[in-house]
Amino acid sequence: MALHPDPKTRIKISRQERMARVLAILVLFLLGSSNATTTHKFTGIAGGITDCSTRVGREERIAMEMAVHDSNNLTGNKLVLNLRDLSGNSARTSSFAIDLIKNQQVQAIVGALTWQEATVIAAMDDITSKVPIISLAMPAIITSAMRHKCYL
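Residue numbers for the sequence shown, in my numbering: 31 to 182.
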């Protein structure tokens with residue numbers, strides 16, 4: 031009897047792996063920009079915005095925590111993850127992002143932000159000019175420009 035994983039489980043795992051990989055790339059980006067050397071350990075702060083009232087949001091939170099834990103164990107550096115839970119209220123996204131940047135002094139923000147939410151946050155140049163915002167949400171509409179290989 032062959033063991034075949036449930037297709038829903040496969041999707042859940044691949045989504046978590048995708049989140050973990052994106053956060054790992056974020057960690058490498060932060061490590062590269064921190065002037066860290068082999069004698070100095072890197073300490074960084076990343077912000078995460080998720081909606082833990084949904085299954086996808088809970089999976090994103092778990093994937094982010096796993097990626098930070100794995101990164102800290104593999105590199106010996108210390109990355110701290112500050113998570114904010116939207117609790118079903120997406121209107122909080124901008125205020126959470128501003129709080130993470132100003133008060134928590136995060137070096138990057140990761141989350142399933144919609145294109146509109148990421149645009150509003152990025153429009154605040156004085157606040158977000160040096161903080162990358164990585165949105166993991168899929169676009170509602172795929173334009174012809176997005177179909178080209180060079181589009182990220």
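Positions of the beta carbon are idealized from the N, C-alpha and C atoms, including for glycine.
Among the options, the one whose alpha carbon lies nearest that of residue i
| i | options | result |
| --- | --- | --- |
| K108 | K160, T149, I75, V161 | I75 |
| A152 | A97, I128, G106, L104 | I128 |
| A97 | V140, S159, T144, V161 | V140 |
| L104 | N133, G78, F72 | F72 |
| V138 | S120, V150, S159 | Reading the sequence as shown, one finds Ala at residue 138 and not Val. If we check each option's Cα against that of A138, S159 comes out closest. |
Check whether residue i and residue j have beta carbons under 9 Å apart
| i | j | result |
| --- | --- | --- |
| F15 | L116 | One cannot answer for residue 15 here, as it falls past the ends of the chain, which runs 31 to 182. |
Close beta carbons around residue i, own chain, < 8 Å, minus the five adjacent residues each side
| i | result |
| --- | --- |
| C82 | R88, R91, D115, L116, S117 |
| S106 | The amino acid occupying residue 106 in the given sequence is Gly; Ser does not appear at that position. Counting only Cβ-Cβ distances below 8 Å, and skipping sequence neighbours, we find K71. |
| S120 | D81, T144, E147 |
| A32 | Reliability of the predicted coordinates at A32 is poor, the pLDDT of 45 falling under 50, and the value obtained from them is presented with this limitation in mind. So no residue of the chain qualifies. |
Contacting residues, own chain, Cβ-Cβ under 7 Å from residue i (five flanking each side not counted)
| i | result |
| --- | --- |
| V257 | The structure shown does not extend to residue 257, since the chain is modelled only from 31 through 182, so no value can be given for it. |
| T123 | I79, L116, L143, E147 |
| N102 | K108, L109 |
| E95 | L111 |
| T149 | none |
Same chain, Cβ closer than 6 Å to residue i, neighbours up to 5 away in sequence not counted
| i | result |
| --- | --- |
| M154 | none |
| Q134 | N112 |
Closer than 8 Å: residue i CB and nearest the ligand NAD heavy atom
| i | result |
| --- | --- |
| T84 | Because no ligand of any kind appears in the structure shown, any question about the ligand NAD cannot be addressed here. |
Cutoff 9 Å: residue i Cβ touching any chain B Cβ
| i | result |
| --- | --- |
| I131 | Among the protein chains of the structure shown there is no chain B, as only one such chain exists. |
Item to check | Complete runs of the beta strand (DSSP E) confined to the segment 62 to 150 [at least 3 residues] | outcome: Unbroken beta strand (DSSP E) stretches of 3 residues or longer found wholly inside the segment 62 to 150: 73 to 80, 108 to 115, 138 to 141, given in chain order.
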